[in-house]
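Structure first, commentary second.
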Ligand SMILES: NC(=O)c1ccc[n+]([C@@H]2O[C@H](COP(=O)([O-])OP(=O)(O)OC[C@H]3O[C@@H](n4cnc5c(N)ncnc54)[C@H](OP(=O)(O)O)[C@@H]3O)[C@@H](O)[C@H]2O)c1
């Protein structure tokens, strides 16, 4: 019998969406949260053993968004406010991805896995034209192509790890700030452990 040893050197958490309406999955989760946060969290946590096998070169790249600059980290994961705002929920989700990337570094960097969040820039994709039709029309021809949006993902996957900063947020092949001046978002990252506790409880793990 042949035994095959599987390892994963690079996991890219790219799946994501901005759903403007409050839609609930069959499991009862708000849809943006389910895909952007629960998906990212579950994929990463469940693939850790395979990533560890590719250490010290293993890495997790999470495609967040510059949209997160407007949102602090909140423990209101599924937007309990009666007046649902998909753009706000998307920004909150993308902020969680950045804070998770920091926390994962703290928890797992010693296992030889690097964690990086990034912003692809604004690219003309099916997701953008569906979720933000006015934005997409107004900037038609001026947005990035999908290939341009993917550039930093590929760069992060191929850089020698010693040139990268685990836990950081990248934009256009360079480390970028996680917080804008006067946005008052930086203190909110202290909530990440409580967010993770919530995720684990929702996932019953
Ligand atoms: N485009 C931009 O300007 C921009 C800016 C900032 C950040 N981003 C981020 O970039 C990533 C890619 O977005 P995009 O613009 O390329 O959008 P896209 O064209 O809509 O692609 C989204 C991807 O997510 C997957 N996906 C969506 N809902 C899913 C679900 N319920 N289950 C499994 N997979 C699901 C899609 O899979 P299917 O193809 O199978 O549907 C698709 O591969 C996202 O995380 C997005 O937030 C994009």
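In my numbering, the protein residues as written are 305 to 509.
Backbone N, C-alpha and C fix where the C-beta goes; we use that ideal spot for every residue, glycine too.
The structure displayed is predicted, hence computed values, not measured ones.
*Can you tell me whether residue 469 is buried or exposed, with buried defined as 16 or more other CB within 10 angstroms of its CB?*
One-based indexing of the chain shown puts residue 469 at position 165. So residue 469 counts as exposed.
*In its own chain, which residues sit with a C-beta less than 7 Å from the C-beta of residue 251, not counting the 5 before and 5 after it?*
The displayed coordinates of the chain run from 305 to 509. Any statement about residue 251 would go beyond what the structure contains.
*Check whether the Cβ atoms of residue 322 and residue 373 sit closer than 8 Å, and answer yes or no.*
Here the question's residue 322 lines up with position 18 in the chain shown. Here the question's residue 373 lines up with position 69 in the chain shown. Result no, Cβ atoms of residue 322 and residue 373 do not sit closer than 8 Å.
*Endpoints, the beta strand (DSSP E) within which residue 479 is located*: Start at 1 with the first residue of the chain shown, and residue 479 comes out as number 175. Counting along the chain, the beta strand (DSSP E) containing residue 479 begins and ends at 478 to 480.
*Going by other Cβ atoms of all chains shown within 10 Å of its Cβ, with 16 needed for buried, is residue 340 buried or exposed?*
As a position in the chain shown, residue 340 is number 36, starting the count at 1. When all chains shown are included, residue 340 counts as buried.
*Could you round the C-beta distance between residue 512 and residue 329 to whole angstroms and report it? I think they count as a contact, below 8 Å.*
For the chain, the structure presents residues 305 to 509; residue 512 sits outside this window and is missing.
*asked:* Could you check whether the Cβ of residue 424 sits closer than 7 Å to any heavy atom belonging to ligand 1?
replied: Here residue 424 corresponds to residue number 120 of the chain shown, with the count starting at 1. Checking the Cβ of residue 424 against ligand 1 gives yes.
*What are the boundary residues of the alpha helix (DSSP H) that residue 314 is part of?*
The residue you call residue 314 lines up with position 10 of the chain shown. Not the alpha helix (DSSP H): residue 314 falls in the beta strand (DSSP E), residues 314 to 317.
*In chain order, what residues of the same chain lie with their CB nearer than 7 Å to the CB of residue 591, ignoring the 5 residues before and after it?*
Nothing about residue 591 can be read from this structure; the chain reaches only from 305 to 509.
*Cβ of residue 352 versus every heavy atom of ligand 1: is any distance shorter than 7 Å?*
Counted from its first residue, the chain shown places residue 352 at position 48. Outside the cutoff, so no.
*Does DSSP put residue 320 in a helix, a strand or coil?*
Residue mapping note: residue 320 aligns to position 16 of the chain shown, counting from 1. Residue state, collapsed to three classes: coil.
*Touch check for the stretch 363 to 372 and the stretch 458 to 466: three-plus C-beta pairs under 8 Å?*
yes
*What's the C-alpha gap between residue 403 and residue 496?*
On the chain shown, position 99 is the one that residue 403 refers to. On the chain shown, position 192 is the one that residue 496 refers to. Between residue 403 and residue 496, the C-alpha separation is close to 6 Å.
_Following a CB-centred definition, is residue 464 positioned closer than 7 Å to any heavy atom of ligand 1?_
Position 160 of the chain shown holds residue 464. Every heavy atom of ligand 1 is 7 Å or more from the Cβ of residue 464, so no.
_Cβ neighbour criterion (16 or more within 10 Å) applied to residue 288_ = With the chain covering only 305 through 509, there is no way to say anything about residue 288.
*asked:* Check for me: the alpha helix (DSSP H) holding residue 461 runs from which residue to which?
replied: The sequence position of residue 461 within the chain shown is 157, counting from 1. First-last of the alpha helix (DSSP H) with residue 461: 450 to 462.
*Own chain partners of residue 493 with C-beta closer than 7 Å, once the 5 adjacent residues on each side are dropped*: Within the chain shown, residue 493 is the residue found at index 189, counting from 1. Cβ neighbours of residue 493 beyond the five flanking positions: 377, 403, 406.
*Cβ of residue 515 versus every heavy atom of ligand 1: is any distance shorter than 7 Å?*
Beyond the ends of the chain as shown, which are 305 and 509, falls residue 515; an answer cannot be given.
*Going by the beta-carbon positions, is the gap between residue 424 and residue 456 smaller than 8 Å?*
Position 120 of the chain shown, counting from 1, holds the residue named residue 424. Position 152 of the chain shown, counting from 1, holds the residue named residue 456. Yes, these two residues count as a Cβ contact at 8 Å.
*Tell me whether residue 429 counts as near ligand 1, meaning its Cβ is closer than 7 Å to at least one heavy atom of that ligand.*
As a first step, residue 429 must be located in the chain shown, where it is residue number 125. Within the cutoff, so yes.
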